[in-house]
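What follows is a set of notes on a single structure, which appears directly below.
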Amino acid sequence: MQSEVLERFGNYYLLDRIGTGGMAAIYRARPATLDGNGRILVIKRVLPKMADDPSFLQMFRNEIKVCMAFNHPNIIVIHDFGELKKQTFLAMEYIDGKNLKDLIAAHSTLGRNLRIPLAAHIVEQSARGLAYAHSFGNSVTGENLHVVHRDISPHNILIGYDGRVKVIDFGIAKVDQEFTDTTKVGMIKGKARYLAPEQIRGERVDQRADIFALGNVFWELLTQRKLFCHGMDSDLPALQMIQDPNHFIEPPSTYNSEVPAELDYIVLRALTRDRDKRYQTATEMENDLRKFMSKFHPSYSTPQVESELKSIFALEIRKDREFLQELNLRAQAAIAVQPQLEDFARNTKAGNVEKKKTGIMAKLSTQVTVTPLRILVVMALYGAVGLLKMDESYGILERFRVPEHARNILEYLAKQDQARLEKQNAKRQVVPTEHHVERTIAEKPVLIAKKKTQSTRSRISR
Ligand SMILES: Nc1ncnc2c1ncn2[C@@H]1O[C@H](COP(=O)(O)OP(=O)(O)O)[C@@H](O)[C@H]1O
Ligand SMILES: [Mg+2]
Numbered sequence: 037m038q039s040e041v042l043e044r045f046g047n048y049y050l051l052d053r054i055g056t057g058g059m060a061a062i063y064r065a066r067p068a069t070l071d072g073n074g075r076i077l078v079i080k081r082v083l084p085k086m087a088d089d090p091s092f093l094q095m096f097r098n099e100i101k102v103c104m105a106f107n108h109p110n111i112i113v114i115h116d117f118g119e120l121k122k123q124t125f126l127a128m129e130y131i132d133g134k135n136l137k138d139l140i141a142a143h144s145t146l147g148r149n150l151r152i153p154l155a156a157h158i159v160e161q162s163a164r165g166l167a168y169a170h171s172f173g174n175s176v177t178g179e180n181l182h183v184v185h186r187d188i189s190p191h192n193i194l195i196g197y198d199g200r201v202k203v204i205d206f207g208i209a210k211v212d213q214e215f216t217d218t219t220k221v222g223m224i225k226g227k228a229r230y231l232a233p234e235q236i237r238g239e240r241v242d243q244r245a246d247i248f249a250l251g252n253v254f255w256e257l258l259t260q261r262k263l264f265c266h267g268m269d270s271d272l273p274a275l276q277m278i279q280d281p282n283h284f285i286e287p288p289s290t291y292n293s294e295v296p297a298e299l300d301y302i303v304l305r306a307l308t309r310d311r312d313k314r315y316q317t318a319t320e321m322e323n324d325l326r327k328f329m330s331k332f333h334p335s336y337s338t339p340q341v342e343s344e345l346k347s348i349f350a351l352e353i354r355k356d357r358e359f360l361q362e363l364n365l366r367a368q369a370a371i372a373v374q375p376q377l378e379d380f381a382r383n384t385k386a387g388n389v390e391k392k393k394t395g396i397m398a399k400l401s402t403q404v405t406v407t408p409l410r411i412l413v414v415m416a417l418y419g420a421v422g423l424l425k426m427d428e429s430y431g432i433l434e435r436f437r438v439p440e441h442a443r444n445i446l447e448y449l450a451k452q453d454q455a456r457l458e459k460q461n462a463k464r465q466v467v468p469t470e471h472h473v474e475r476t477i478a479e480k481p482v483l484i485a486k487k488k489t490q491s492t493r494s495r496i497s498r
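If you read the sequence shown in my numbering, its first letter stands for residue 37, the second for the next number, and so on.
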């Protein structure tokens with residue numbers, strides 16, 4: 037989903053909205069300065085309806101607090117955060133690509149499975165990112181903070197068209213110290229279908245809950261099906277199934293014969309309900325995946341992922357680039373004229389133009405007594421003042437001294453508008469076929485003439 041926004045937001049210029057969850061909106065944006073041209077980032081902004089919800093704001097600030105300190109290639113980089121017009125936001129790097137949910141959906145539309153090495157690569161990289169977060173320590177004391185993401189799902193893992201894999205959305209992540217004060221035992225957070233059994237039971241969770249969820253995502257990548265409650269709208273029955281020891285978790289090869297036994301093993305080990313029998317760390321899981329890759333797909337790495345994705349999404353990438361380019365040009369033009377517009381707004385607000393006009397008119401009325409000739413003179417002077425005022429408005433661009441490149445952009449946009457208009461007009465003109473002309477001339481020439489006059493008249497009267 038993409039929708040144009042073009043709105044200034046503090047130091048940023050929002051270009052379009054690329055996602056809206058229940059609580060925050062996600063925008064592509066750029067710095068609101070001329071020399072910020074060429075940089076695209078993402079702004080995640082709390083929805084106005086959530087701005088007064090203290091527990092949600094706490095979650096959002098938590099995401100900022102946890103993520104700001106991270107520095108790992110498989111975790112999204114947060115650049116900035118703050119509050120503007122009572123809206124809490126964070127600014128992060130932009131990943132030009134897909135979340136895994138959309139990646140799976142695109143493959144389903146194409147009627148094919150994700151290639152095995154691609155799925156394994158994505159999960160290996162995600163495990164690496166998670167391993168980093170899980171063992172992240174306080175930078176001063178070095179003490180492990182025991183971060184748990186708690187919401188690993190296909191929505192929260194991104195793959196760039198350049199092959200980079202990033203874990204995002206640490207919104208409900210927890211660090212160890214916080215268990216004592218904010219986490220109530222029995223409280224469940226995260227997407228139901230991807231929760232670990234111990235999460236559902238409301239027990240204190242550790243990094244192994246993320247491993248279960250990653251196993252679930254891996255299962256889905258390999259089979260293009262949801263592991264729990266596939267095809268059901270409601271997530272709730274999944275809560276039951278996940279905990280039920282009698283519910284058998286089938287190996288992914290049941291649904292995709294290309295899945296080798298090694299991957300069946302990795303997936304099922306991550307999905308073991310008893311967390312003591314699961315992979316104990318994300319690094320263990322990553323190591324198994326790395327061994328698999330080096331044994332069966334030794335030359336498969338980021339450049340291969342890139343060319344694979346770029347060929348699947350070639351058309352989409354091209355269209356989006358054109359769209360982004362146009363949004364960026366329009367933002368650049370708006371940013372170029374912004375200071376002058378603000379200056380003008382300040383001057384007009386102060387009533388300067390009005391004051392000038394009233395001053396001149398006051399002088400005139402004391403000097404000119406009412407005779408027909410003098411009325412004419414007064415009217416002429418009124419006209420002149422009016423002209424002056426008009427010039428204030430219409431001479432704006434001349435006096436703005438718009439920088440040359442901004443002027444080019446404006447011209448470019450004007451040309452584009454003109455081209456669009458011409459295209460629309462061309463579409464509207466009906467080109468009669470030969471057959472049509474012959475028939476109408478032979479059979480109903482009068483009717484046609486009448487119709488034309490009527491439609492012209494009705495257009496005029498409208
Ligand atoms: N940095 C980013 N780059 C590209 N797309 C992003 C980025 N952050 C979020 N998105 C898109 O927005 C969606 C929702 O983002 P997320 O941070 O998970 O919000 P929510 O808290 O609403 O779940 C993601 O699934 C992804 O499609
Ligand atoms: Mg999310």
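The beta-carbon is built from N, C-alpha and C at its ideal position, and this holds for glycine as well. This structure is a prediction, so every number in the text was calculated from the model and none was measured.
query                                                                                                          : result
C-beta atoms of residue 309 and residue 348 nearer than 9 Å                                                    : no
Residue 115, enclosing beta strand (DSSP E) - first and last residue                                           : 114-120
Residue 89 to residue 192 span [Cα, whole Å]                                                                   : 23 Å
DSSP-derived helix/strand/coil call for residue 69                                                             : coil
N-terminal and C-terminal residue of the beta strand (DSSP E) that residue 251 is part of                      : It is not in any beta strand (DSSP E) - residue 251 instead sits in the alpha helix (DSSP H) that spans 243-259.
9 Å Cβ cutoff met for residue 303 and residue 254                                                              : yes
Short Cβ contact (9 Å threshold) for residue 235 with residue 143                                              : no
Buried or exposed (CB count within 10 angstroms, at least 16 for buried), residue 454                          : exposed
Residues sharing a beta bridge with residue 194, DSSP                                                          : 135 and 202
Rounded C-alpha distance that separates residue 214 from residue 138                                           : Note that residue 214 scores a pLDDT of 47, beneath 50, so its modelled location is shaky; the value from the coordinates is reported in the next line. Their Cα atoms are separated by approximately 33 Å.
Alpha carbon of residue 380 to alpha carbon of residue 121, nearest angstrom                                   : 23 Å
4-residue-minimum alpha helix (DSSP H) runs that sit fully inside the stretch 263-337, ordered along the chain : 272-279, 297-306 and 318-332
DSSP beta-bridge partners of residue 45                                                                        : 48
Backbone secondary structure at residue 54 - three-state DSSP                                                  : strand
DSSP-derived helix/strand/coil call for residue 181                                                            : coil
Inter-residue Cα distance where the pair is residue 49 and residue 130                                         : 14 Å
Reference residue 210; option with closest CA among 47, 314, 374 and 103                                       : 103
DSSP-derived helix/strand/coil call for residue 83                                                             : coil
Span of the beta strand (DSSP E) around residue 129                                                            : 123-129
Whole-Å CB distance - residue 274 paired with residue 229, under 8 Å assumed                                   : 5 Å
Validate contact between the stretch 171-182 and the stretch 280-298 using beta carbons, cut 8 Å, 3 pairs      : no
Residue 77 - DSSP class collapsed to helix/strand/coil                                                         : strand
Under the three-state DSSP convention, the category residue 437 falls into                                     : With a pLDDT of 46 at residue 437, under the threshold of 50, the modelled position of that residue is not reliable, and the figure given next carries that caveat. It is coil, neither helix nor strand.
Cβ pair residue 322, residue 151 closer than 9 Å                                                               : no
Cβ shell of residue 256 (< 7 Å), same chain only, five flanking positions each side left out                   : 140, 190, 262 and 263
beta-carbon residue 226 near ligand 2 non-hydrogen atom, thresh 8 Å                                            : no
Three-state secondary structure assigned by DSSP to residue 548                                                : Given that the chain is displayed from residue 37 to residue 498, the structure contains no residue 548 and the question cannot be resolved.
Residues bridged to residue 162 [DSSP beta-bridge criterion]                                                   : Answer by DSSP bridge pairing: none, since residue 162 is not bridged.
Rounded separation between residue 55 and residue 415 - CA only                                                : 58 Å
Cβ-Cβ separation, residue 243 to residue 317 (assumed contact under 8 Å), whole Å                              : 7 Å
Residue 171, DSSP secondary structure in three states                                                          : coil
Selected residue, minimal CA-CA separation from residue 118, among 43, 82, 351 and 44                          : 82
For residue 47 and residue 68, believed in contact at Cβ under 8 Å, the rounded distance                       : 6 Å
Within 9 Å, strictly: CB atoms of residue 156 and residue 268                                                  : no
Anticipated Cβ contact below 8 Å, residue 371 with residue 197, distance rounded                               : About 27 Å separates the two Cβ atoms, so there is no contact after all.
Contact belief for residue 166 with residue 182 at Cβ below 8 Å, rounded distance in angstroms                 : That pair is no contact at about 13 Å.
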